[in-house]
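Counting from 1, position 186 in the sequence shown corresponds to residue 191 in our numbering; the numbering is continuous, with no gaps. A quick write-up on the structure given underneath.
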Amino acid sequence: MSRPLVVTRRMVDHPTDSHTLDRYQETGGYEMARRSLDMTRDEIVETVKSANLLGRGGAAFSAGLKWSFLAPDRPAYVVVNADESEPGTFKDRQLLERDPHQLIEGLIITSWANEANHAFIYIRGEYPKPARRVQQAVDEAYAAGYLGEGIFGTDFDLEVTVHLGGGAYICGEETAMINSLEGLRGEPRLKPPYFPAAKGLYMKPTIVNNVETICNVPHVLAMGAEDFKGIAHPEDTGTFLLSLSGHVNEPGNYELPHGLTWREIIYDVAGGIRDGNELKTWIPGGASAPWFVPSLHLDMPLTKQATADAGSMIGSGAVVVMDETTCVVRAALRLVRFFAHESCGECTPCREGAPWLEMMLTRIENGQGRPVDFDVILDVSDGISIGLEWPPKMTTICALGPSAVSPIISLRDHFGDEVVAHIEGGGCPFGRVEEEEVVA
Ligand SMILES: Cc1cc2nc3c(=O)[nH]c(=O)nc-3n(C[C@H](O)[C@H](O)[C@H](O)COP(=O)(O)O)c2cc1C
Ligand code: SF4
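This is how it looks when you write it as structure tokens:
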């Protein structure tokens with residue numbers, strides 16, 4: 006299948022040296038950044054807005070629209086979200102490691118468009134090689150005069166700071182990331198009033214965008230809004246990186262046009278299910294997203310709207326495929342345990358509720374579940390995310406709490422009989438579970 010490549014084109018064509026400045030410049034790199042400095046802020050924001058470049062970090066919010074909300078107070082800042090900690094997500098890592106100059110070029114344009122003279126790249130602490138590559142590229146860009154004072158011979162100054170996180174998932178949430186950059190605990194801020202574009206880093210207007218979003222910016226300007234929109238789907242424009250993992254024959258990162266069906270993605274792109282097994286379920290957009298099942302969703306197109314209409318989200322583009330050999334209670338337990346562990350503890354429903362969900366699922370998986378337990382699990386979940394729907398009605402400050410509830414919604418909607426089988430059968434029908442596997 007021939008597919009349009011935008012952000013991975015260079016690493017596909019030049020797999021050995023796509024990360025170097027020489028290769029970047031030889032393939033047209035930094036031309037768009039140079040040209041963008043002759044454009045006005047409004048021209049750039051309008052182009053990105055009308056291209057409908059959607060954020061690739063989770064919420065799929067229009068980047069141009071976000072930029073247009075930037076408050077007039079100055080200085081303004083830009084923060085690249087390279088925290089990438091959502092289980093199953095590994096796309097930004099590839100962009101950071103294999104084409105760091107593309108990110109820097111996007112960052113120059115984004116900073117110019119948002120009148121920022123200081124930008125930050127916040128990389129998760131467990132990404133040492135991507136962080137080294139990005140720092141090296143930043144150093145090269147400074148040496149070439151593409152960063153620092155008077156870049157490209159203009160009077161625009163741009164400092165870029167590469168910052169490594171301490172390994173907390175919550176620091177991927179934009180306001181927790183801002184707290185962390187300020188040296189505070191990585192805890193989310195209330196929105197409103199602390200929408201970053203209004204009151205962000207050091208209480209100044211701040212644009213936070215995902216790595217992949219920023220990497221698309223030079224291409225949007227180079228192609229123009231109409232051509233960018235023409236790549237694939239008219240609403241979900243451009244391409245997107247999908248991290249495909251789990252029980253597929255060919256896991257990996259794939260740059261794809263929006264609008265393919267799940268059948269095409271799982272069977273054509275990812276080579277189908279291992280050992281000829283049946284597909285049981287899949288997580289369509291990162292661990293926070295409610296799951297899909299073949300009987301309802303296989304021929305549905307992967308777009309923001311179709312996914313939302315079906316009660317889930319495209320999220321961070323991480324697809325985890327599970328075949329018929331999977332115990333869904335155990336899979337849900339693993340995910341809930343992750344969120345319980347990563348809860349920052351700031352608000353009670355998440356801090357207290359997520360560990361309760363973990364404990365009760367552990368009990369069911371271990372064969373000590375009582376008939377009333379699933380109702381109690383649903384009740385505790387409702388205390389975190391009222392109505393148990395997606396998008397969630399949250400009782401919490403950030404979306405991590407409801408993310409812990411997504412696997413529960415998935416069990417309730419598609420696998421209630423398996424939960425009952427665990428409870429009535431005195432344990433996991435898929436076999437014995439090692440103690441350390443299910444006890445936190
Ligand atoms: C708990 C939590 C974790 C998040 N982790 C990430 C992350 O690792 N990377 C990311 O880009 N966005 C993450 N987000 C979304 C960010 O808050 C923010 O919406 C995003 O960086 C905006 O960029 P975009 O508009 O380009 O997608 C997370 C959100 C939440 C609630
Ligand atoms: S929902 Fe959880 S992670 Fe988010 S602020 Fe509340 S306690 Fe922290």
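Beta carbons are placed, not taken as given, at the ideal position from N, Cα and C, and that holds for glycine. Bear in mind that the values here come from a model prediction, so they are computed numbers and not experimental data.
Problem set entry | K230 versus L100, V143, L59, Y272, residue with shortest Cα-Cα distance | A small fix is needed here, since residue 230 is Ala in this sequence, not Lys. Measuring from the Cα of A230, the nearest candidate turns out to be L59.
Exercise. Which of helix, strand or coil does DSSP assign to S73?
Worked result: helix
For this session: Could you pull out every residue in the same chain whose Cβ sits closer than 7 angstroms to the Cβ of P295, ignoring the five residues on either side in sequence?
Result: G316, S317, W395, S411, I414, S415
Exercise. K196 by DSSP, collapsed to three states: which one?
Worked result: coil
Exercise. What is the rounded straight-line gap between the Cα of T32 and the Cα of D97?
Worked result: 21 angstroms
For this session: Report the option in L10, N86, D162 whose CA atom is closest to the CA atom of S185.
Result: N86
Exercise. Can the beta-carbon of S248 be found closer than 8 angstroms to that of F95?
Worked result: yes
Problem set entry | Inter-residue Cα distance where the pair is G436 and H302 | 28 angstroms
Exercise. Which residues in the same chain as K209 place their Cβ atom closer than 8 angstroms to its Cβ, once the five residues preceding and following it in sequence are excluded?
Worked result: D78, R79, P80, A81, Y82
Problem set entry | Distance, G63 Cα to K309 Cα | 11 angstroms
Exercise. Leaving out five residues before and five after L362 in sequence, what residues of the same chain have Cβ atoms less than 8 angstroms from its Cβ?
Worked result: V341, A345, I382, V385, S386, A409, V410, I413
Exercise. Heavy atom of ligand 2 less than 7 angstroms from the Cβ of G172, yes or no?
Worked result: no
Exercise. Could you check where the alpha helix (DSSP H) with M208 kicks off and where it finishes?
Worked result: Here M208 belongs to no alpha helix (DSSP H), and DSSP marks it neither H nor E.
For this session: Might you give, ordered along the chain, the residues of its own chain that have their beta carbon closer than 7 angstroms to the beta carbon of T21, omitting 5 neighbours on each side?
Result: none
For this session: Taking T286 and V298 to be in contact with their CB atoms under 8 angstroms, please state how far apart those CB atoms are, rounded to whole angstroms.
Result: 5 angstroms
Exercise. How long is the line joining the alpha carbons of P397 and S390, rounded to whole angstroms?
Worked result: 6 angstroms
Problem set entry | Anticipated Cβ contact below 8 angstroms, P306 with L265, distance rounded | 7 angstroms
Problem set entry | the stretch 353 to 361 in contact with the stretch 321 to 330 per 3-pair CB rule at 8 angstroms | no
For this session: Pick out whichever of C332, G290, V334, G130 has its Cα sitting closest to the Cα of A313.
Result: G290
Exercise. Is the closest heavy atom of ligand 1 to the C-beta of E179 under 7 angstroms?
Worked result: yes
For this session: Could you tell me the distance, in whole angstroms, from the CA atom of Q373 to the CA atom of G430?
Result: 10 angstroms
Exercise. How is F95 classed by DSSP in three states: helix, strand or coil?
Worked result: coil
Exercise. For R61 versus T180, is the C-beta spacing smaller than 8 angstroms?
Worked result: no
Exercise. Comparing the CB of L405 with every heavy atom of ligand 2, is any distance shorter than 7 angstroms?
Worked result: yes
For this session: Go ahead and label R194 buried or exposed: buried means 16 or more other beta carbons lie within 10 angstroms of its beta carbon, across all protein chains shown.
Result: buried
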